[in-house]
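Following: one structure in structure tokens, then a few remarks.
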Amino acid sequence: MINVLLFAQLRDESGKESISIEGNGWSVDELKRKLKADYQLGSLETAMTAVNEEFADDDTILSDGDTVAFIPPVSGG
Amino acid sequence: MINVLLFAQLRDESGKESISIEGNGWSVDELKRKLKADYQLGSLETAMTAVNEEFADDDTILSDGDTVAFIPPVSGG
Amino acid sequence: MNYKISKDPIVIQEVIDKVVKRNAGAVTTFIGTVREMTKGKKTLFLIYEAYEPMAIKKLEQIGAEIKERWPEAETAITHRVGKLDITDIAVVIAVSTPHRNDAYEANRYAIERIKEIVPIWKKEHWEDGETWVGNQLETLPYPSGKPKEMDIHD
Amino acid sequence: MNYKISKDPIVIQEVIDKVVKRNAGAVTTFIGTVREMTKGKKTLFLIYEAYEPMAIKKLEQIGAEIKERWPEAETAITHRVGKLDITDIAVVIAVSTPHRNDAYEANRYAIERIKEIVPIWKKEHWEDGETWVGNQLETLPYPSGKPKEMDIHD
Numbered sequence: 001m002i003n004v005l006l007f008a009q010l011r012d013e014s015g016k017e018s019i020s021i022e023g024n025g026w027s028v029d030e031l032k033r034k035l036k037a038d039y040q041l042g043s044l045e046t047a048m049t050a051v052n053e054e055f056a057d058d059d060t061i062l063s064d065g066d067t068v069a070f071i072p073p074v075s076g077g
Numbered sequence: 078m079i080n081v082l083l084f085a086q087l088r089d090e091s092g093k094e095s096i097s098i099e100g101n102g103w104s105v106d107e108l109k110r111k112l113k114a115d116y117q118l119g120s121l122e123t124a125m126t127a128v129n130e131e132f133a134d135d136d137t138i139l140s141d142g143d144t145v146a147f148i149p150p151v152s153g154g
Numbered sequence: 155m156n157y158k159i160s161k162d163p164i165v166i167q168e169v170i171d172k173v174v175k176r177n178a179g180a181v182t183t184f185i186g187t188v189r190e191m192t193k194g195k196k197t198l199f200l201i202y203e204a205y206e207p208m209a210i211k212k213l214e215q216i217g218a219e220i221k222e223r224w225p226e227a228e229t230a231i232t233h234r235v236g237k238l239d240i241t242d243i244a245v246v247i248a249v250s251t252p253h254r255n256d257a258y259e260a261n262r263y264a265i266e267r268i269k270e271i272v273p274i275w276k277k278e279h280w281e282d283g284e285t286w287v288g289n290q291l292e293t294l295p296y297p298s299g300k301p302k303e304m305d306i307h308d
Numbered sequence: 309m310n311y312k313i314s315k316d317p318i319v320i321q322e323v324i325d326k327v328v329k330r331n332a333g334a335v336t337t338f339i340g341t342v343r344e345m346t347k348g349k350k351t352l353f354l355i356y357e358a359y360e361p362m363a364i365k366k367l368e369q370i371g372a373e374i375k376e377r378w379p380e381a382e383t384a385i386t387h388r389v390g391k392l393d394i395t396d397i398a399v400v401i402a403v404s405t406p407h408r409n410d411a412y413e414a415n416r417y418a419i420e421r422i423k424e425i426v427p428i429w430k431k432e433h434w435e436d437g438e439t440w441v442g443n444q445l446e447t448l449p450y451p452s453g454k455p456k457e458m459d460i461h462d
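Note that the protein sequences, when read in sequence, are chains A, B, C and D. Under our numbering, the first residue of the first sequence is numbered 1, with each subsequent residue one higher. Under our numbering, the first residue of the second sequence is numbered 78, with each subsequent residue one higher. Under our numbering, the first residue of the third sequence is numbered 155, with each subsequent residue one higher. Under our numbering, the first residue of the fourth sequence is numbered 309, with each subsequent residue one higher.
This is the structure:
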């Protein structure tokens, strides 16, 4: 299973903080397309992706146990 | 009388914090030459002058009651 | 613990204390507070949310980047999360260096980097609604999914 | 009392409190501390001396100059006098502005101006003697008796 974390507007849009999903061997891009199809996640387009707390590309391949966080444009400071 | 204030190395050189001197109508430049002649004030060359707490030129004319401060290169901060 | 996400109000002096050294002649701090007016709109309060473990890693990364550019600099950063009222402190950055120019430059570098790579989000509560600020004009999206090297290193 | 010469240790928070406003999103502080090593020479302690009434006037002038360049800035400066040990605070400058770039710029302007026009002197006590620092290479003399307009305004 992949553990997906949602923050800020992604959390508001989906009503969820996290989603568990079968995605062993998927790319980040495939995961995004699946989530866009299943949830109301328009903001995913402009989000960055972190895999296990490091920024990752759309073609990063995911493995069971990975934590994927979608990171809307940040606004700290 | 003119009230002359000395600071930092000028104070150390002269051993004085202040000097009262007859100088009504003198220029700052004349006052400096008088002080250099009468005291050990080599550092006067590189000092700025303040008359009544505002920076003043060498040709500023002094009046009785003025306070003249000689201000060695500052090093606050 | 120079890099911290805090649910409690930030005590500025505590952040400064982490960077004071016998050879640091200059300490700069940046204190980001909640401002009432933004482009004529009135903020009532803010909510800050963080992806905490990654936010701490990214703050540490900023400290390491500073160390690479200004080897004598010491950095400490605390960012607040939760509900903040007007004038509350959202972030404190303290940087010490032997000479003052570096302390200003490195501090400014830190706040710019925080706004680029640290997963913290701000929800503005206005008189007439609420918005996640990152969704607005202030930040660029990253179409590739992650910040480019260029974004990270310059 | 935003501009102060103090015989007692400076409390940073008190200086910051003078500039916090509902519309200041950014506060920068500069904290100048006594550094142990300068060009390989070890400082034991420092004595700061001020021409106090004029020093306060000149600090106020710096605040007015900042206000002219950055109209929304609030500035507070406290400079210590007397004997200071290593890591003691010599000066604290706090500047608040609505946006952060101005807070850095205005703060830096303040410290540069302090080093030019405020009648405060530092005597370094080294292991092998003592010197008034302004007599050394750090500051230029003013042959006309006062700083030129150029020195004051740029």
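Just so it is clear, CB atoms sit at the ideal spot from N, CA and C, and this is done for glycine as well.
Check, Outcome
"State the Cα-Cα distance for the pair Trp26 of chain A and Phe70 of chain A, rounded to the nearest angstrom.", "16 Å"
"Please tell me whether Ile220 of chain C has its Cβ less than 8 Å away from any Cβ of chain F.", "Given the protein chain composition of this structure (A, B, C and D), no chain F is represented."
"Since Tyr205 of chain C meets chain A, which of its residues come closer than 9 Å, beta carbon to beta carbon?", "Leu5, Phe7, Ala50, Glu53, Ala69 and Ile71"
"Within the 8 Å Cβ cut-off, does Asn310 of chain D reach chain C?", "no"
"Kindly indicate which three-state DSSP category Tyr39 of chain A falls into: helix, strand or coil?", "coil"
"Under 8 Å, Cβ to Cβ, is there at least one residue of chain D near Gly102 of chain B?", "no"
"Taking the C-alpha atoms as reference points, what is the distance between Val4 of chain A and Ile185 of chain C?", "33 Å"
"Given that a residue counts as buried once 16 or more other Cβ atoms are within 10 Å of its Cβ, and exposed if not, what is Asp462 of chain D?", "For Asp462 of chain D, the predicted model reports a pLDDT of 36, less than 50, meaning its position is unreliable and no value from the coordinates is stated."
"Distance, Cα to Cα, Ile318 of chain D vs Val403 of chain D?", "16 Å"
"Determine, using beta carbons only, whether Gln215 of chain C comes closer than 8 Å to chain D.", "no"
"Does the pairing of the region 372-392 of chain D with the region 128-141 of chain B give three or more beta-carbon distances under 8 Å?", "no"
"Could you tell me which chain B residues have their CB closer than 9 Å to the CB of Val399 of chain D, listed as they occur along the chain?", "Gly153 and Gly154"
"List the residues of chain A that Ile152 of chain C touches, going by C-beta distances under 8 Å, in chain order.", "The shown model of chain C, from 155 to 308, leaves out residue 152 of chain C, and the question about it has no answer."
"Distance check for Pro150 of chain B and Asp134 of chain B, CA to CA, integer angstroms please.", "15 Å"
"Is the region 115-123 of chain B close to the region 86-100 of chain B, with three or more CB pairs under 8 Å?", "yes"
"Based on the DSSP secondary-structure assignment, which residues constitute the bridge partners of Arg234 of chain C?", "C:Ser160"
"Check whether the Cβ atoms of Tyr258 of chain C and Thr182 of chain C lie closer than 8 Å to each other.", "yes"
"Under 9 Å Cβ-Cβ, which residues of chain C neighbour Met345 of chain D?", "Arg176, Asn177 and Pro252"
"Within the same chain, show all residues whose beta-carbon is closer than 6 Å to that of Ala358 of chain D, passing over the 5 residues directly before and after it, in chain order.", "Ile313, Val389 and Ile428"
"Along the beta strand (DSSP E) that carries Glu413 of chain D, what are the first and last residues, could you check?", "Glu413 of chain D -> not in any beta strand (DSSP E); alpha helix (DSSP H) instead, spanning Arg408 to Ile425."
"Take Ile271 of chain C as the anchor and find which of C:Ile243, C:Gln215 and C:Glu278 has the nearest alpha-carbon.", "C:Gln215"
"Based on Cα-Cα distance, which residue from C:Lys221, C:Leu200, C:Tyr202 and C:Leu198 lies nearest to Val173 of chain C?", "C:Lys221"
"Pull the bridge partners of Val181 of chain C from the DSSP assignment, please.", "C:Ser250 and D:Ile339"
"Among D:Ile324, D:Gly437, D:Gly333 and D:Glu438, which residue has its Cα nearest to the Cα of Gly76 of chain A?", "D:Gly333"
"Output the distance between the C-alpha atoms of Ala114 of chain B and Ala260 of chain C, rounded to the nearest integer angstrom.", "51 Å"
"What does DSSP give as the partner residue(s) for Thr395 of chain D in the beta ladder?", "Paired residue(s): none; Thr395 of chain D is not in a bridge."
"Out of curiosity, what's the CA-to-CA distance linking Ile240 of chain C and Glu380 of chain D?", "17 Å"
"Comparing the C-beta of Arg262 of chain C with each C-beta of chain D, is any distance below 8 Å?", "yes"
"Which chain C residues are close to Phe338 of chain D, counting only those with a beta carbon under 9 Å from its beta carbon?", "Ala180, Val181, Thr182, Thr183, Arg254, Ala257 and Tyr258"
"Contact check, Ala127 of chain B vs Trp440 of chain D under 8 Å by CB: the rounded distance?", "Contact doesn't hold; Cβ gap of about 18 Å is too wide."
"Where do the ends of the beta strand (DSSP E) carrying Ile370 of chain D lie?", "Note, Ile370 of chain D: premise wrong, no beta strand (DSSP E); alpha helix (DSSP H) at Glu360 to Arg377."
"Step through the CB atoms of chain A and report whether any lies within less than 8 Å of the CB of Lys237 of chain C.", "no"
"Contact defined as beta carbons within less than 8 Å: I believe Asp256 of chain C pairs with Val188 of chain C. What is the distance between those atoms, to the nearest angstrom?", "The Cβ separation is near 29 Å, so there is no contact."
"Can you check whether the C-beta of Thr439 of chain D is within less than 8 Å of a C-beta belonging to chain C?", "no"
"Under 8 Å by Cβ, that's how I've got His433 of chain D and Leu352 of chain D pegged, so tell me the actual separation to the nearest angstrom.", "5 Å"
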